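Numbering (our numbering), first residue to last: 361 to 576. The next block holds one structure in the form of structure tokens; read it before the comments.
Listed below in structure tokens is the structure:
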């Protein structure tokens with residue numbers, strides 16, 4: 361994505377541009393980060409390059425709250441991964457600006473997730489830092505209402521490590537928690553911890569692990 365104006369608007373049209381690395385980084389520090397290679401097999405290099413070249417000049421809707429540029433790059437490197445319809449019990453990763461919000465699919469277009477008690481649409485699922493520590497609420501909402509136009513994917517990324525509970529148990533446990541206020545902490549018990557605990561009976565947050573690794 362072109363770097364010159366991508367953060368100049370909350371929502372609008374962005375243009376895919378081809379620039380030198382130096383121009384795109386504006387002199388900022390950068391690093392190679394193929395952090396999903398352990399989850400997905402990258403496409404052949406020639407396929408990635410050819411697909412990328414074809415997008416130059418395209419106009420795409422961009423919103424600051426939705427990390428569209430990240431989704432755009434992931435699709436180019438790995439293909440449009442995990443875009444099938446979710447099944448009850450599936451974990452869904454929603455791409456926000458700078459982080460991912462996590463929900464569990466319970467069927468008929470609905471998800472259960474951990475968010476702020478406030479009904480303010482700018483709170484809760486829009487920011488993981490809206491509740492630094494304290495109470496959060498378990499809510500059942502339409503997936504599209506929670507995603508609010510952001511890209512998302514099915515991501516049961518711990519299935520190779522842990523045996524998932526049955527869909528019936530996942531849904532039953534999730535629905536029993538709807539409307540309840542529970543303790544929340546960005547590092548210790550966030551939306552990702554919540555849904556992985558529902559699916560596997562064990563809580564885990566890869567986002568927190570990556571954050572901690574980045575500060576070491």
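Think of the CB as a built atom: it goes at the ideal place given N, C-alpha and C, for glycine as much as any other residue. Note that this is a predicted model, so its numbers are computed, not measured.
Roughly how far, in whole angstroms, is the beta-carbon of residue i from the beta-carbon of residue j, given that I think they are within contact range, below 8 Å?
i: residue 503; j: residue 470; result: 7 Å
i: residue 472; j: residue 527; result: Rounded, the Cβ-Cβ distance is 13 Å, inconsistent with contact.
i: residue 518; j: residue 553; result: Going by Cβ atoms, the distance from residue 518 to residue 553 rounds to 12 Å, so no, they are not a contact pair.
i: residue 454; j: residue 384; result: Going by Cβ atoms, the distance from residue 454 to residue 384 rounds to 26 Å, so no, they are not a contact pair.
i: residue 555; j: residue 464; result: 5 Å
Does residue i pass the burial test, meaning 16 or more other C-beta atoms within 10 Å, or should it be called exposed?
i: residue 558; result: buried
i: residue 523; result: exposed
i: residue 393; result: exposed
i: residue 395; result: exposed
i: residue 462; result: buried
i: residue 468; result: exposed
i: residue 549; result: buried
i: residue 388; result: exposed
i: residue 449; result: buried
How about residue i and residue j: are their beta carbons less than 9 Å apart?
i: residue 496; j: residue 542; result: yes
i: residue 561; j: residue 525; result: yes
i: residue 544; j: residue 451; result: no
i: residue 466; j: residue 418; result: no
i: residue 568; j: residue 540; result: no
i: residue 439; j: residue 390; result: no
Might you give, ordered along the chain, the residues of its own chain that have their beta carbon closer than 7 Å to the beta carbon of residue i, omitting 5 neighbours on each side?
i: residue 481; result: In this predicted model, residue 481 has a pLDDT of only 42, less than 50, meaning its place in the structure is not dependable enough to derive any value.
i: residue 436; result: 408, 411 and 412
i: residue 403; result: 437, 438 and 439
i: residue 378; result: 416
i: residue 512; result: 452, 453, 454 and 455
i: residue 494; result: 544
CB-CB under 6 Å to residue i, same chain, minus the five flanking residues each way: which ones, in chain order?
i: residue 415; result: 376
Entirely within the region 518 to 573 and at least 4 residues each: give me those alpha helix (DSSP H) ranges in chain order. Counting only runs of 4 or more, we get 527 to 537 and 551 to 560.
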